[in-house]
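Shown next, in structure tokens, is the structure this report addresses.
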Amino acid sequence: MERKTRVRFAPSPTGPLHMGGVRTALYNYLYAKQHGGDFIIRIEDTDSQRFVPGAEKYIIEALNWCGIIPDEGVDAEGNVVETASERHPHAPYRQSQRRGIYRKYAEELVEKGFAYYAFDTAEELGSKRAAMEAEGLTFIYNGTSRMSLRNSLSLAESEWKELLESRTDWTIRFKMPHDRVVKMDDLIRGHVEVNTDTLDDKVLWKRADELPTYHLANIVDDHLMEITEVIRGEEWLPSLPLHYLLYEAFGWQESMPRFAHLSLLLKPDGKGKLSKRDGDRLGFPVFPLKWVNSEGEVSRGYREDGYFPEAFVNLLAMLGWNPGNDQELFSMEELVAAFSLERVIKSGARFNPDKAKWYNKEYLRKKTAAELASLYIPVLEEKGMQIVDCPKCALTAGSEMTQQGADFKNRIFTRGYVERIVALIQERASFVADFWDIASYLFIAPAEFAEKDVAKFWKEENYSLAFQAADFILNFEGEFTKENLEGPLEEYIRSNGWPMGKVMNCLRLALVGASSGLGIADIVTIIGKAELAERIKKIKATL
RNA sequence: GGUCGGUUCGUAUAACGGUUAGUACUCAAGAUUCUCAAUCUUGCAAUAGGGGUUCGAUUCCCCUACCGACUACCA
Numbered sequence: 001m002e003r004k005t006r007v008r009f010a011p012s013p014t015g016p017l018h019m020g021g022v023r024t025a026l027y028n029y030l031y032a033k034q035h036g037g038d039f040i041i042r043i044e045d046t047d048s049q050r051f052v053p054g055a056e057k058y059i060i061e062a063l064n065w066c067g068i069i070p071d072e073g074v075d076a077e078g079n080v081v082e083t084a085s086e087r088h089p090h091a092p093y094r095q096s097q098r099r100g101i102y103r104k105y106a107e108e109l110v111e112k113g114f115a116y117y118a119f120d121t122a123e124e125l126g127s128k129r130a131a132m133e134a135e136g137l138t139f140i141y142n143g144t145s146r147m148s149l150r151n152s153l154s155l156a157e158s159e160w161k162e163l164l165e166s167r168t169d170w171t172i173r174f175k176m177p178h179d180r181v182v183k184m185d186d187l188i189r190g191h192v193e194v195n196t197d198t199l200d201d202k203v204l205w206k207r208a209d210e211l212p213t214y215h216l217a218n219i220v221d222d223h224l225m226e227i228t229e230v231i232r233g234e235e236w237l238p239s240l241p242l243h244y245l246l247y248e249a250f251g252w253q254e255s256m257p258r259f260a261h262l263s264l265l266l267k268p269d270g271k272g273k274l275s276k277r278d279g280d281r282l283g284f285p286v287f288p289l290k291w292v293n294s295e296g297e298v299s300r301g302y303r304e305d306g307y308f309p310e311a312f313v314n315l316l317a318m319l320g321w322n323p324g325n326d327q328e329l330f331s332m333e334e335l336v337a338a339f340s341l342e343r344v345i346k347s348g349a350r351f352n353p354d355k356a357k358w359y360n361k362e363y364l365r366k367k368t369a370a371e372l373a374s375l376y377i378p379v380l381e382e383k384g385m386q387i388v389d390c391p392k393c394a395l396t397a398g399s400e401m402t403q404q405g406a407d408f409k410n411r412i413f414t415r416g417y418v419e420r421i422v423a424l425i426q427e428r429a430s431f432v433a434d435f436w437d438i439a440s441y442l443f444i445a446p447a448e449f450a451e452k453d454v455a456k457f458w459k460e461e462n463y464s465l466a467f468q469a470a471d472f473i474l475n476f477e478g479e480f481t482k483e484n485l486e487g488p489l490e491e492y493i494r495s496n497g498w499p500m501g502k503v504m505n506c507l508r509l510a511l512v513g514a515s516s517g518l519g520i521a522d523i524v525t526i527i528g529k530a531e532l533a534e535r536i537k538k539i540k541a542t543l
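Per my numbering, the very first residue in the first sequence carries number 1; after that it's consecutive.
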């Protein structure tokens, strides 16, 4: 029986989506698309206590930013679908809105003898657990203990039926079979066996909330939504036997999905899994988007930190998966084609912030000047620059736009001027945010001069030559381009027998404020003769 | 503690019984250049330990160590 591939990402709206969660969603998405199937998003909000307002919206927005677009579960506006339709026959996709459908499944299990009513309160169980732990023992609610607890198996029928009526805090628990070996297959880990005696009678349904727990809701919904593969985090592997048994109890083993458990993302250093604290400590985001919690605490996001979504997706894909060859750069389409669960790594992947930066750098280099200019212009505007598309219409009386497209006095620049610059500096940066530090001097004259460089180069025997070189540039008569200027300028310095390094660095120091930066020919042809003259004049005035 | 999973350079990983154990990031050195960056070249650096199986183990099995997940009326 061939079924259409249908996979789901089922987050719980208890906070912002961690990058590990995004990776899980990504792998689901890639798998679905590769098999021509559907990627479904389902919100698992059965824990009313941990619900966080805004988390659901955040999750969908984050996935959307990454280009992980659900086929089902969310409408075109990015809202979780609440009512069934032709396009969304399995709606609603929020478990809190599906509450009506779970109870009958839980009770079906009780009727069939696979589950029972339990009346122990959380407090009673808690103290029992504590008492046993004090003796160095482990409390498990299962075959070893259930007959001494209060439930429909241990109590007389009249008694538990009375409790069922009079109380509203009971639960339905799964009756874990005694001494059975559950044999499971995982698409990533292979064959796994577990003896049921080590498992407990999990709560399936909570009367107090009129809501199922994860285990029941998950199995029922995966079945109802015709899910074919469940790709989820490693933390679910221990409950896989329960889930197998649940499918069996319902008689759904024929249509049971196949399972794949992904390893976790680990800290860059030290022990343990990647957490928000690591990001704060080591200076990188662990969330796709910025998040502000109810206390006003801010968690930075990849988007706000200047990562391109393509880079983020790419680096996430390579954390725990590889194509089997040396290719490291993948577009989403390429990932869809190349992805395979067989090549997902079993062990936990330590996150490497340096590599993440490298990915962004690679994507930055691929961008066109027009794209980068559009991203950089808001930064420039924040710095007080005005960027115009059409020079003539924006100029106020008395301002002058140079041939290059710059009016330094009024800090007005054309988009073309910005494009020229980003094209020159894009291979020197990892982020658009680096642009300003790399080349602010192409917009404003340096206000400060690096002490170290001044000490090294700013000597009269150097700058007197540098000024002459500047004069040579100002008097240059050919078309004022880097290609035209570079050779003659060097020839001029060389033919005078001047030390090239000293003259050039001195001139650069005057124009840039430091002895590092673009080539002199690049700098002067970008800022233009007028600005060159202006900056030299200013420097001379201070001597 | 118990159950389950995992373990190749610092990190991500390749090699699915036979390789001088490869690649990328990081780091270092050199080349280049008017400096810086970029680029190119080179280098540092790994099969957790111990037993098997085998002509031969990174690869298969067992033990130990270490790491992780789970052990809630949370997901």
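From the three backbone atoms N, C-alpha and C, an ideal C-beta is built for every residue, glycine too.
In the three-state reduction of the DSSP assignment, Ala311 falls in the helix class, which pools H, G and I. Under the three-state reduction of DSSP output, Leu262 falls in the strand class.
According to the DSSP assignment, Ile40 belongs to the beta strand (DSSP E) that extends over 38 to 41. Counting along the chain, the unbroken beta strand (DSSP E) around Leu204 starts and ends at 203 to 206. Restricting attention to Tyr363, Val418, Gly67, Lys409, the CA atom closest to the CA of Pro378 is found in Val418. Taking 7 Å as the cut-off, the beta carbon of Glu234 is found closer than this to the beta carbon of Ser263. Ile101 and Asn314 have their C-alpha atoms some 39 Å from each other.
Cβ neighbours of Leu424 within its own chain (closer than 7 Å, five residues either side excluded): Leu518, Asp522. Ranking Gly36, Gly54, Glu61, Thr5 by CA distance to the CA of Val22 puts Glu61 first. Contiguous alpha helix (DSSP H) elements confined to the segment 449 to 490 occur at 451 to 457, 460 to 474, taking only those with 4 or more residues. 7 Å or more divides the Cβ of Ile41 from the Cβ of Gly15. Across the structure, Gly143 and Pro212 are spaced so that their CA atoms are roughly 22 Å apart. In the displayed model, Asn218 falls within a helix according to three-state DSSP. Under the DSSP assignment, Ala118 falls in the beta strand (DSSP E) whose first and last residues are 115 to 118. Rounded to the nearest whole angstrom, the CA to CA distance from Glu490 to Met500 is 8 Å. Put simply, the backbone Cα of Pro488 is about 25 Å away from that of Lys459.
Taking the CA atoms as reference points, Pro89 sits about 10 Å from Val81.
For Val432, no alpha helix (DSSP H) segment is defined, and its DSSP state is neither H nor E.
Inclusion of Gln95 and Glu44 in the CB contact set at 7 Å is warranted, their separation being smaller than that value. Judged by DSSP in its simplified three-state form, Gln327 adopts coil rather than helix or strand.
Close CB contacts of Asn505 within its chain, under the 6 Å cut and outside five residues either way in sequence, are with Phe457, Ser515 (chain order).
Taking C-beta atoms under 8 Å as the contact rule, Asp179 and Ile140 fail to qualify, at a distance of about 14 Å.
In this structure, the straight-line span from the alpha carbon of Ala510 to that of Ile526 is close to 15 Å. Just so you know, the alpha carbons of Ser464 and Tyr376 end up roughly 37 Å apart. With contacts defined by Cβ atoms closer than 7 Å, Ala260 and Ile188 form a contacting pair. Cβ-Cβ separation between Asp389 and Glu400: approximately 18 Å, too far for a contact (criterion under 8 Å).
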